[in-house]
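S.K.: I have a structure here, written as C-alpha cells, and I will follow up with some questions on it.
In the numbering used here, the protein residues as written are 3 to 122.
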C-alpha cells in the first residue's frame, strides 16, 4: 500500500519511467539550486568532473535510504510525506551545504565515495 501511495500520491512513478522527464527535471533543479546557493561547491564539483546526477539520482530514487543512516532517512521521510517531493530537493541542497567544507577539499574519487556513503 505504501509503495502504491508513493507512486500515485507523491508522483514518484515518473522517477522510474524512461519516457518521463521527472528525474531529469529534478536533477536539473538540484544543479541549478546548487549553482545559486553554493557557487564555490558547484564550481569545485565541475572542476573535478562531478555532475550532480552522479549522486543526486541515487538520493532521490531511494529517498535517501541507500546512502544515509536510517534515523536520518526516517526523519526525511516524515517531512517528505507532509511536504511532498520538493522537500527532497531541499534536503539535497541542505546536505551539500552541510558537507561543503569536506567536499571542497576532496578530489573526484573521494567526492563520489563520500556522497555515496555519507558519514553518520
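Backbone N, C-alpha and C define an ideal beta-carbon position, used for all residues, glycine too.
(1) If distances are taken between C-alpha atoms only, which option among 14, 42, 93, 50 comes closest to residue 108?
(2) Expressed to the nearest angstrom, what Euclidean distance is found between the alpha-carbon atoms of residue 88 and residue 110?
(3) Just curious, the alpha helix (DSSP H) that residue 82 is in, first and last residue?
(4) Taking the alpha-carbon of residue 82 as reference, which of 98, 62, 99 has the nearest alpha-carbon?
(5) I'd like to check one pair, residue 114 with residue 56: are the Cβ atoms closer than 8 Å?
M.R.: With the given structure in hand:
(1) 50
(2) 28 Å
(3) 72 to 85
(4) 62
(5) yes
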